[in-house]
Every structure is written in C-alpha cells, then in structure tokens.
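Protein chains: 2
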Amino acid sequence: MAEDNVIYVGDKKPMNYVLATITQFNEEDSDEVILKARGGAISTAVDAAEITRNRFLTEVDIQDITTKTEELEDEEGGTSNVSAIEITLGMSE
Amino acid sequence: MAEDNVIYVGDKKPMNYVLATITQFNEEDSDEVILKARGGAISTAVDAAEITRNRFLTEVDIQDITTKTEELEDEEGGTSNVSAIEITLGMSE
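Residue numbers (UniProt numbering), protein chains in the order written: chain B, 1 to 93; chain H, 1 to 93.
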C-alpha cells in the first residue's frame with residue numbers, strides 16, 4: 001500500500017489509510033505523506049486526511065491538494081478517463 | 001443548486017454539475033465558480049471540475065482546493081462528522 005511516503009487509497013474503509021498514514025509519520029519518520037486516489041476512492045482519501053489531522057496527528061496539516069485526469073486502458077485496448085487526487089500531509093510549521 | 005457562484009454537488013451524475021458550471025461562467029458571467037460537496041459526492045465534484053476544465057472550458061483552471069470536516073446533526077439530536085471539499089474554478093491568468 002505504501003511506497004516511500006505515498007499511500008494508495010483504494011476501496012477499504014478510511015481508517016485503514018488513517019493507520020497507514022500514522023505509521024508512515026511515526027515509524028517511518030516521514031515528514032510528509034501523500035495520499036493518492038482515483039475515482040470513487042477520492043472521497044475515502046479526503047476522509048482519511050481529515051480524520052488523521054483532526055483526531056490523531058493534530059500537528060499534521062494538509063499542505064497541498066491537486067487533481068488530474070488519468071487515462072486508463074481497458075481490457076479491449078480502449079481507454080477511459082478517471083479523476084485522480086493527491087493530498088499532501090505534512091507537519092505544520 | 002447554484003447560489004451566486006456556488007454549486008452544491010450532490011448525487012446526480014457529474015455532467016449535471018459540468019453543465020451548471022458552464023452556465024455559471026457563460027450566462028451568469030462569473031469569473032469564479034466554487035463547487036462544494038460532502039462525503040461520497042466529493043468524487044463527483046472532482047470529476048465535474050476535471051471534465052469542465054479538460055473538455056469544455058479549457059481556459060478555466062482549478063485555483064484552489066480546500067477540505068474540512070463538518071458536524072451534522074442527525075434526527076435523534078446526535079452529531080456525526082462528514083468530510084467536505086471546496087473546489088474553486090477560475091479563468092487562468
């Protein structure tokens with residue numbers, strides 16, 4: 001799920017990603033964690049970021065949010081567009 | 001759905017909100033439109049913003065994205081938290 005300080009948010013419950021984020025900050029000693037999600041998981045990523053900073057790591061803040069459109073290839077070789085979000089969490093100055 | 005230049009994104013399809021955004025820019029002559037959404041509709045708001053700027057109003061850009069946690073009262077008087085997003089679309093300089 002985590003690659004360096006990137007956490008890919010999928011279709012699990014938000015708390016799974018809250019835990020992964022806390023682990024990344026505390027045990028991996030990252031000072032920045034990026035939550036990445038696509039499509040319907042975008043809402044879960046926002047939930048995870050909000051829960052993390054409001055209830056668990058109050059010294060962490062949302063430092064940047066960017067969105068983009070990614071092109072995915074389906075099995076038949078066709079392509080479809082999907083929205084994606086990147087939420088950067090970091091220690092507030 | 002629109003109040004001044006604010007569009008509340010709910011559980012309709014993204015294209016409904018893309019149309020509302022285009023109308024707000026073109027017919028209401030707004031130079032800034034804010035998409036607001038909560039919970040699961042957050043993904044729809046991101047879709048609407050991305051579709052609008054990539055396929056319809058290419059001169060419009062995402063100028064700001066903020067998230068927050070809102071407290072909602074349920075029927076029994078209890079409260080629950082929900083994540084919310086605000087996406088500001090504006091004419092790119």
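Cβ coordinates follow ideal geometry from the N, Cα and C atoms, glycine included.
Count Cβ pairs between the segment 3–10 of chain B and the segment 27–38 of chain B that sit closer than 8 Å; are there 3 or more?
At 8 Å Cβ cutoff, the stretches touch.
In chain B, which residues lie less than 7 Å from G39 (chain H) when you measure between Cβ atoms?
Simply S43.
Do you know offhand how far T21 (chain B)'s Cα is from K68 (chain B)'s?
Between T21 (chain B) and K68 (chain B), the C-alpha separation is close to 22 Å.
Using the Cα positions of V18 (chain H) and A37 (chain B), report the straight-line distance between them to the nearest angstrom.
When rounded, the distance between both Cα atoms is 21 Å.
Are the beta-carbon atoms of I65 (chain B) and I65 (chain H) separated by less than 8 Å?
Yes, they are a contact pair.
Would you list, in chain order, the members of the UniProt region "Disordered" (69–93) of chain B that have their beta-carbon closer than 9 Å to a beta-carbon of chain H?
Within the UniProt region "Disordered" (69–93) of chain B, the qualifying residues are T69, N81, V82, S83, A84, I85, I87.
To the nearest angstrom, how far is the alpha carbon of T88 (chain B) from that of I62 (chain B)?
Answer to the nearest angstrom: the Cα atoms are 6 Å apart.
What residue does the beta strand (DSSP E) around T88 (chain B) start on, and which one ends it?
Counting along the chain, the beta strand (DSSP E) containing T88 (chain B) begins and ends at 79–91.
With 8 Å as the limit, tell me which residues of the segment 20–37 of chain H have their beta carbon closer than that to any beta carbon of chain B; keep them in chain order.
Going along the segment 20–37 of chain H in chain order, one finds no residue with a Cβ nearer than 8 Å to chain B.
Give the residues from the segment 45–60 of chain B that approach chain H closer than 7 Å (Cβ to any Cβ), ordered along the chain.
Flagged, chain order: V46, D47, A49, E50, N54.
Using the beta-carbon count (16 or more within 10 Å), is residue 153 (chain H) buried or exposed?
Only positions 1 to 93 of chain H appear in the structure, and residue 153 (chain H) is not among them; the question remains open.
Could you spell out where the beta strand (DSSP E) holding D47 (chain B) opens and where it closes?
D47 (chain B) -> not in any beta strand (DSSP E); alpha helix (DSSP H) instead, spanning 41–51.
In three-state terms, what does DSSP make of T21 (chain H)?
DSSP places T21 (chain H) in helix when its eight states are reduced to three.
Do S92 (chain B) and E50 (chain B) come within 8 Å of each other at the CB atom, strictly closer than that value?
No, they are not a contact pair.
Given a cut-off of 8 Å, decide if T52 (chain B) and residue 167 (chain B) are closer than it, judged by their beta-carbon atoms.
In the structure as shown, chain B begins at 1 and stops at 93. Residue 167 (chain B) is therefore absent and cannot be evaluated.
Taking the alpha carbon of I90 (chain H) as the reference point, which residue from H:P14, H:Q24, H:M15 has its own alpha carbon closest?
Here the sequence assigns Gly to residue 90 (chain H), which means Ile is not the residue at that position. Minimum Cα distance to G90 (chain H) is reached at H:Q24.
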